[in-house]
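Student: Sending over a structure as structure tokens; questions will come in a sec.
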Amino acid sequence: MPRTEFSIDDVDRLVAETGHGKEAVIPILHALQDRYRYLPDAALARVCEITEITPATIEGVATFFTRFRRRPMGEHAIRVCDGTACHVKGAPAVFDAFTKALDLGSGEDTDKQGQFTVQRVACLGCCTLAPAVQIDHVTYGHVQPEKVSDLLEDFLASEADRKARPLKHYAEDAAGAGEIRVGLGSCCIAGGSDKVRVALEDVLQTVDASVRVKRVSCVGMCHQTPLLEVRLPGRPPSLYAKVQAEDVGEIVRRHFAPRTRSVRVRTGIGHWLERLYTGDHRDVLERHGIDVRDRPVAAFLSKQQRLATEYCGEIDPVDLDEYLRLRGFEALARCLPGSAHTGGPSCARLDSEAIIGELRASGLRGRGGAGFPTARKWDAVRGAAGERKYVICNGDEGDPGAFMDRMILESYPFRVIEGMIIGSLAVGAHEGFLYIRAEYPLAIARIEEALRIAEAAGYLGDDIRGSGHAFRLRVVEGAGAFVCGEETALLAAMEGRRATPNIRPPYPALEGLHGCPTLVNNTETFALVPWILRHGAAAFAAFGTAHSRGTKVFSLAGKVNRGGLIEVPMGTSIREIVEDIGGGVQGGKQFKAVQVGGPSGGCIPAALIDTPVDYEALTAAGAMMGSGGLVVLDESDCMVEMTRYFLSFTQLESCGKCTPCRVGTKRMLEIVERLCEGKAEPVDLAELETLARVVKENSLCGLGKTAPNPVLTTMRYFREEFEAHAEGRCPAGRCKSLITYSITGDCIGCTKCAVNCPSGAIAFRPYEQHEIDPAVCTRCNGCFEICPVDAVKVE
Amino acid sequence: MPRLRIDGNSVDVPVEATVLEAAALAGIDIPALCHVPGLRPQTSCMLCVVEDKRSGKTFPSCSTRAEDGMIIETGTEALRAARKEVLQLLLSEHVGDCEAPCRRICPAALEVPLMMRTVAAGDRDAAARLAQAALILPETLGWVCNAPCERGCHRGSFDEPLLIKEMHRRLAHEVPSARGIAFAAGPSSGKCVAIVGGGVAGLAAAWTLALRGHACTLYEREARCGGPLRDLNEAELPRAVFDAEVQNIIGLGVDLRTGCTVGRDVAMEELLGTFDAVLLACQDDTLEDAEDEEHVFTAIEFPMAVNAVAEGKGVADEVDRFLRGLPSVPRRKPFDCRLVEVREPEKAAFAAHRMDPATHGRGRERDAIEAEARRCLHCDCLKLESCKLRQYATEYGANQFAYRDVNRPSIETALVAGSVVFEPGKCIRCGLCVEITAVRGEPWGMAFVQRGFDARVRPALGHSLEDALTKTARECVEACPTAAFAWRDREERES
Ligand SMILES: Cc1cc2nc3c(=O)[nH]c(=O)nc-3n(C[C@H](O)[C@H](O)[C@H](O)COP(=O)(O)O)c2cc1C
Ligand code: SF4
Ligand code: SF4
Ligand code: SF4
Ligand code: SF4
Ligand code: FES
Ligand code: FES
């Protein structure tokens, strides 16, 4: 695709399509960037001429968000995830590998041919497939540094025939025959499920049975993607994991009779299904056919309680009929005035007061991090004076290592929409928005599709289901800034300003979007509302602890056997989550800590593994519920390095408005970097602690107030590791400047390390003991991992 | 009307008032950098934090409404520590010199750049007076000083340091009238001081005290004043030069008793009984006992003359305060931000708005002091006096180098538009100029660009500073809490 040249007419047309108001600035910049792949100065100047947007605003906004570029960029964007899960699984090495593969000099991000631009991003929301990489709109999981060239080739090759085939909708009458369910959440797609679906449709041409292919919501077993489930009437379902396109024929033929004999003969030859069951390895990937009754799967599922993620893995995200069949919109029906619906059981209609009363009784607290009582917020907006009010769903989920909201938006769009409509009834709003981060293209597409369907069916619009209540919903796409998750920053972005937070009070509930009362809730909070109204407050309150009721969705990732999206009752202990649901630490390593709440949270050490997940207990332990990312760390993870990672995240994401956060996070990071490089002194530890407290106490918004948490908790629980670093030692052997690699006499001369070493630090000497040149070694840990006899020593 | 308590005072405030405004009503000044009355609070500097004892919360007072029943503390230990830390964070990335290095280094604190400006402007008289006031023995020092100032001179990074020492020597020599005309003993205070020791420190103290109206008697053991300077030969310090400058001091009415040793020719007890204060500016161990007396002061006769001048002035100041019954609180040294050095790659940016193009690439001008003075880069800050960052840094004792191993950002070229200078390195990202240009409807205005640590302000979309400030220059200069925005025509210090 050649680069599009700038023209005034072009810009005028894009602006005409997008809007002229101040609040159009981000959409206009998105449009320009889509068109030119960067933001030419001349285009920005032109926008200022023909809109209400001022030069200072457009430049301020264009340079604030990481999605926007002021430099021309390559044809394809490679986004290497450096979220928490990916980071601990080796994202930095993947990034370096791309830099090398594209032959980029320092400071360069685009190759000479202008084909690829490499960027680091925070969490693609596919944490269980870490390390993850997104090229344009294609996401790759489990990327290995030494395979990035293949990956680029694969991308270019498949780019040609990536004319995505639309999903066929099968008639309802296919019931009675079989059904094959394909997970089409981002994780599954990153695992290759779209290719699987295409292959499946091809293969199904060859079988007799009328089989329905159904895309389903995320199963939550993201560590096993892509997942494919075969359901035949009267038989237990068969679940296949880590399926590849070329495997599809085998699976289908196992369950359905082929049309011709020749095909049947061929099936006799392939034995891989057996291998799947025995857990044999094929290629590098391990694949399993798994059964829901299998012990591990049962363990994964049994401790869970699906409320926000009800019908997980069963429903088609955008099939409204199915949603209705499963009692969707029933809660709404009870709330609509002069209900045209037959409600569920003979319940009285809920007016706004009753809705809020129900939420109050349920004890629901906001799932966006701080745990503010939802009923109180709704009540405040309801009581606020104002003609216009807004309802906003916060789907910005920037926490690197969390992807619950993405999954909820992708899998249960109607549920979120229903929650928002109920919110609009409760507070008296007629307009609402879903602010979704740009890194979630699938979530945006799904929600937009669901909005169209819901509107067509009369669930949105000027007169919802004949009730007279008007409510319109729109998607607003983010542009890459973690701080936008903070509600006042989010509002600033929506109003077309730089996304810098404002002091609260005034709270958005009273003075929000354009100064009007605004209800801002997290995605999961909204998704829980229909369940509560349908089952009653008591049913919800029955789960959880005294002050944290109900369930919480977590994304479980890191060094755990079964990562994925889980929903558990509040009060479940971390031990149950890690050991029972997650199946313990990967590779039999020692459990060290679990990082809860991402960059605002902290690390809970092994000694406190029985801490229950509830707002107060986590805060007391120095962590924070945050958005609900759980990243499991093992003995090979260095806590100082983890601290450095989180600080570098918050430091990069600081909006830069207030001094303590803008400069303080930078100075803290410098100290921690010194620790990792062995250049620190013991006095640095005291300075770090003092500074952390000042930043925590004096920052303006939650980002700065919580940025020191990772520092303070790790220093609290792992002080000896910090002290060791101050003396120049890294006990976990992670900090590159503090460690050296060498090969011991156990070496059998297999040459694997030499072949694999990306920097050529190991000479190729078959059958001899190998040696590592410390001057060339980049400490990528590749040799350590590949050595079959553990002859590589790290010190 | 909300009523709240601030530092123990009860105040009633208008409904919309902020805590900062409420405090002002109670006569309490809360430090604030990013807030000026009449503009929306920016809530960026976080210097104005206060604590509400009722809720235990700490928050910025400039943008928090005063509420009934609040119990506000504005100066707890923790708040003061936090403010100091915040200032240190700002200073850790601040790029600039408050004082010019020459002035900073000169122990007698000669306003070198001001002297250079005055000479360059053609006013030799004023320049000579300035040197006289600061150095007391400007011509003598012009011979004997080892001129540490010149070693710090930033011009030295380009070609050669300014001839500072020669400048004040020649001014003193060529404008002798400056002494007689400008300086006379002040109106009599009715107090008398004995100064023991006629070395440089004693002389400097005598001059200073005489100017303030105290009757001074100076005791010198030898036949001539000057301490070690007496031993210099004619090539090192012409006798006539020194004698003239001593005479200058005596001319203020100082009673000089040469050849008179205290403890032998006159008893110490007598001095203690006769004089309101006694200043010991000699190295005589036998007098040590007297030091315990409340009205006895000691000045060290430093071997380096300029240090001795500084010491004499400083101790004289203390004596003066004592005589006037003022408490002897040592004045806190004003905060002084330092560039440390102009690095090789920064030279062009540093010189851009400072170097007179006519002097470009020219070394020292020995022949004409005006030409030499034009070489000065005027390294002192344009807002030396009114800079709020500096004032608070002084008040809170902030240290620019509190964080180890921090490399200050590089010097950036200043933007100049007519009479306004914009120095990006001194910007604390408070946001006021962005706000001002936006609300006044500047067509381009100042923009915030980038985010986080890299956030900075600059004229929008690559426009010039002229374009950005078509009508708001004055307002920006006045609101900007530092010298990031300043008048090119600098504010001179009152001395
Ligand atoms: C730095 C920062 C990031 C945040 N990110 C998110 C987010 O990604 N999603 C979210 O719902 N809330 C986020 N929040 C919390 C929101 O400000 C707000 O409290 C929340 O959306 C309210 O919804 P709730 O009451 O349903 O939790 C963030 C807060 C801060 C300070
Ligand atoms: S705490 Fe950080 S993110 Fe929040 S306003 Fe301050 S600088 Fe911005
Ligand atoms: S702006 Fe203020 S702190 Fe900075 S150099 Fe000038 S006077 Fe000093
Ligand atoms: S250039 Fe002028 S102001 Fe700067 S150090 Fe030298 S004499 Fe002082
Ligand atoms: S230049 Fe602007 S943003 Fe910077 S300190 Fe001055 S007024 Fe504040
Ligand atoms: S996808 Fe990389 S951390 Fe989430
Ligand atoms: S004056 Fe209040 S934050 Fe700066």
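Residue numbers (the numbering used here), protein chains in the order written: chain A, 42 to 836; chain B, 43 to 537. From the three backbone atoms N, C-alpha and C, an ideal C-beta is built for every residue, glycine too.
CB of Pro203 of chain B to nearest heavy atom of ligand 4: below 7 Å?
Tutor: Here residue 203 of chain B refers to the residue found at position 161 of the second sequence. Result yes, Cβ under 7 Å from ligand 4.
Student: Note the first and the last residue of the continuous alpha helix (DSSP H) segment covering His766 of chain A.
Tutor: Taking the first sequence and counting its residues from 1, one reaches residue 766 of chain A at position 725. Its alpha helix (DSSP H) spans residues 760–767.
Student: Per DSSP, what are the beta-bridge partners of Ser740 of chain A in this structure?
Tutor: Counting from 1 along the first sequence, the entry for residue 740 of chain A is found at position 699. Partner(s): none; Ser740 of chain A has no beta bridge.
Student: Ends of the alpha helix (DSSP H) at Ile176 of chain A?
Tutor: Indexing the first sequence from 1 puts residue 176 of chain A at position 135. Counting along the chain, Ile176 of chain A falls outside any alpha helix (DSSP H), though it belongs to the beta strand (DSSP E) covering 174–176.
Student: Could you please tell me which residues of the segment 70–98 of chain A, in chain order, have their CB closer than 9 Å to any CB of chain B?
Tutor: Against chain B - using a Cβ distance shorter than 9 Å - the residues of the segment 70–98 of chain A are Asp82, Leu85, Ala86, Cys89, Thr95, Pro96, Ala97, Thr98.
Student: Between Ala72 of chain A and the rest of its own chain, which residues show a CB-CB distance below 6 Å, the 5 nearest in sequence each way excluded?
Tutor: As a working mapping, residue 72 of chain A is identified with position 31 in the first sequence. Answer for Ala72 of chain A: Leu55, Thr59, listed in chain order.
Student: Check Ala205 of chain A in the structure and name its three-state DSSP category.
Tutor: Counting from one through the first sequence, the residue named residue 205 of chain A turns up at place 164. Unreliable placement is indicated for Ala205 of chain A, whose pLDDT of 48 sits below 50; the coordinate value is still reported in the next sentence. Note: Ala205 of chain A maps to coil in three-state DSSP.
Student: Please say whether Val121 of chain A and Val174 of chain A have beta carbons closer to each other than 8 Å?
Tutor: Numbered from 1 along the first sequence, position 133 holds the residue referred to as residue 174 of chain A. Numbered from 1 along the first sequence, position 80 holds the residue referred to as residue 121 of chain A. Their beta carbons are under 8 Å apart, which means Val174 of chain A touches Val121 of chain A by this criterion.
Student: Counting only beta-carbon separations shorter than 8 Å, does Pro56 of chain B have a partner in chain A?
Tutor: Numbered from 1 along the second sequence, position 14 holds the residue referred to as residue 56 of chain B. So no, Pro56 of chain B is outside the interface.
Student: Determine which residues of the segment 469–487 of chain A have a Cβ less than 7 Å from any Cβ of chain B, and write them out in chain order.
Tutor: Listed in sequence order: no entries.
Student: Indicate whether at least one CB of chain B lies closer than 8 Å to the CB of Gln160 of chain A.
Tutor: Here residue 160 of chain A is taken as the residue at index 119 of the first sequence, counted from 1. Answer no: the Cβ-Cβ gap between Gln160 of chain A and chain B never drops below 8 Å.
Student: Residue range of the beta strand (DSSP E) that Pro102 of chain B falls in?
Tutor: If you number the second sequence from 1, residue 102 of chain B lands on position 60. It spans 99–102 - the beta strand (DSSP E) in which Pro102 of chain B sits, taken as one unbroken run.
Student: So Lys698 of chain A contacts chain B; which residues on that side make the cut at Cβ distance below 7 Å?
Tutor: Locating residue 698 of chain A in the first sequence gives position 657, counting from the first residue. Those within 7 Å of Lys698 of chain A in chain B are Ser86.
Student: Per DSSP, what kind of secondary structure is Arg120 of chain A in: helix, strand or coil?
Tutor: To locate residue 120 of chain A, count along the first sequence from 1; it is residue 79. DSSP places Arg120 of chain A in strand when its eight states are reduced to three.
Student: To the nearest angstrom, report how far apart Val672 of chain A and Pro96 of chain A are at their CA atoms.
Tutor: Within the first sequence, residue 672 of chain A is the residue found at index 631, counting from 1. Within the first sequence, residue 96 of chain A is the residue found at index 55, counting from 1. Val672 of chain A and Pro96 of chain A: Cα-Cα distance of roughly 42 Å.
Student: Is Gly320 of chain A helix, strand or coil when you go by DSSP?
Tutor: Mapped onto the first sequence, residue 320 of chain A falls at position 279. Note that Gly320 of chain A scores 30 on pLDDT, short of 50, meaning its location in the model is unreliable; the coordinates nonetheless yield the value given after this. Three-state result, Gly320 of chain A: coil.
Student: What is the rounded straight-line gap between the Cα of Phe157 of chain A and the Cα of Gln265 of chain A?
Tutor: As a first step, residue 157 of chain A is located in the first sequence; it is residue number 116 there, counting from the start. As a first step, residue 265 of chain A is located in the first sequence; it is residue number 224 there, counting from the start. Straight-line Cα distance between these residues: approximately 30 Å.
Student: Examine chain B for any beta-carbon lying closer than 8 Å to the beta-carbon of Phe47 of chain A, and answer yes or no.
Tutor: Here residue 47 of chain A is taken as the residue at index 6 of the first sequence, counted from 1. Chain B contact via Cβ: absent.
Student: Please confirm if Asp324 of chain A has its CB atom under 8 Å from at least one CB of chain B.
Tutor: Counted from its first residue, the first sequence places residue 324 of chain A at position 283. Low confidence applies here, because Asp324 of chain A scores a pLDDT of 32, under 50, leaving its location unreliable and the question unanswered by this model.
Student: At which residues does the beta strand (DSSP E) containing Lys633 of chain A begin and terminate?
Tutor: Translated into positions along the first sequence, residue 633 of chain A becomes position 592. From DSSP, the beta strand (DSSP E) with Lys633 of chain A extends over 632–637.
Student: On a CA-only basis, which of A:Gly509, A:Arg406, A:Asn543 is nearest Thr415 of chain A? Give me that one, please.
Tutor: As a first step, residue 415 of chain A must be located in the first sequence, where it is residue number 374. Of the listed residues, the one whose Cα sits closest to Thr415 of chain A is A:Arg406.
Student: Please confirm whether Leu129 of chain B and Leu474 of chain B have their CB atoms less than 8 Å apart.
Tutor: As a position in the second sequence, residue 129 of chain B is number 87, starting the count at 1. As a position in the second sequence, residue 474 of chain B is number 432, starting the count at 1. No, they are not a contact pair.
Student: Using the beta-carbon of each residue, which ones in chain A are nearer than 7 Å to Tyr445 of chain B?
Tutor: Here residue 445 of chain B refers to the residue found at position 403 when the second sequence is read from its first residue. Per Cβ cutoff of 7 Å: Arg708.
Student: Could you spell out the range, first to last residue, of the beta strand (DSSP E) harbouring Tyr431 of chain A?
Tutor: Counted from its first residue, the first sequence places residue 431 of chain A at position 390. Unbroken beta strand (DSSP E) run through Tyr431 of chain A: 431–436.
Student: Between B:Glu465, B:Gln325, B:Val55, B:Phe344, which has its C-alpha nearest Thr455 of chain B's C-alpha?
Tutor: Stepping through the second sequence from its first residue, residue 455 of chain B is reached at position 413. Of B:Glu465, B:Gln325, B:Val55, B:Phe344, the residue nearest in Cα terms is B:Glu465.
Student: Output the distance between the C-alpha atoms of Glu194 of chain A and Cys472 of chain B, rounded to the nearest integer angstrom.
Tutor: Taking the first sequence and counting its residues from 1, one reaches residue 194 of chain A at position 153. Taking the second sequence and counting its residues from 1, one reaches residue 472 of chain B at position 430. In a straight line, the C-alpha of Glu194 of chain A is about 48 Å away from that of Cys472 of chain B.
Student: Which residue wins for smallest C-alpha separation from Asn739 of chain A, given the options A:Ile607, A:His766, A:Pro701, A:Ile645?
Tutor: Start at 1 with the first residue of the first sequence, and residue 739 of chain A comes out as number 698. Nearest C-alpha to Asn739 of chain A: A:Pro701.
Student: Could you pull the DSSP bridge partners for Trp529 of chain B from this structure?
Tutor: Counted from its first residue, the second sequence places residue 529 of chain B at position 487. BP columns for Trp529 of chain B point to B:Val462.
Student: Below 8 Å, can you find three or more Cβ-Cβ pairs linking the segment 118–132 of chain A to the segment 494–508 of chain A?
Tutor: Short answer: they don't touch.
Student: Give the straight-line distance between the Cα atoms of Ile291 of chain B and Leu245 of chain B, rounded to the nearest whole angstrom.
Tutor: Locating residue 291 of chain B in the second sequence gives position 249, where the first residue counts as 1. Locating residue 245 of chain B in the second sequence gives position 203, where the first residue counts as 1. Looking at the two C-alpha atoms, the distance is approximately 7 Å.
Student: Is Met43 of chain B buried or exposed, if buried means 16 or more other CB atoms sit within 10 Å of its CB?
Tutor: Along the second sequence, read from residue 1 onward, the residue named residue 43 of chain B stands at position 1. By the neighbour-count rule (16 or more Cβ atoms within 10 Å), Met43 of chain B is not buried but exposed.
Student: Where the beta carbon is closer than 5 Å to any heavy atom of ligand 4, which residues qualify, in chain order?
Tutor: Result (chain order): B:Ala142, B:Pro143, B:Cys144, B:Val154, B:Pro155, B:Cys195, B:His196, B:Arg197, B:Leu204, B:Cys418, B:Leu419, B:Cys421.
Student: In whole angstroms, give me the CA-to-CA distance for Leu674 of chain A and Lys633 of chain A.
Tutor: Along the first sequence, one-based indexing puts residue 674 of chain A at 633. Along the first sequence, one-based indexing puts residue 633 of chain A at 592. Taking the straight line joining both Cα atoms gives about 6 Å.
Student: May I have the straight-line CA-CA distance separating Gly295 of chain B from Glu287 of chain B, to the nearest angstrom?
Tutor: Looking up residue 295 of chain B in the second sequence gives position 253. Looking up residue 287 of chain B in the second sequence gives position 245. When rounded, the distance between both Cα atoms is 14 Å.
Student: Contact check, Leu322 of chain B vs Leu329 of chain B under 8 Å by CB: the rounded distance?
Tutor: Within the second sequence, numbered from 1, the residue matching residue 322 of chain B stands at position 280. Within the second sequence, numbered from 1, the residue matching residue 329 of chain B stands at position 287. The pair is a contact, with the Cβ atoms about 6 Å apart (cut-off 8 Å).
Student: Helix, strand or coil: which one does DSSP assign to Ile607 of chain A?
Tutor: In the first sequence, counting from the first residue as 1, residue 607 of chain A sits at position 566. Strand.
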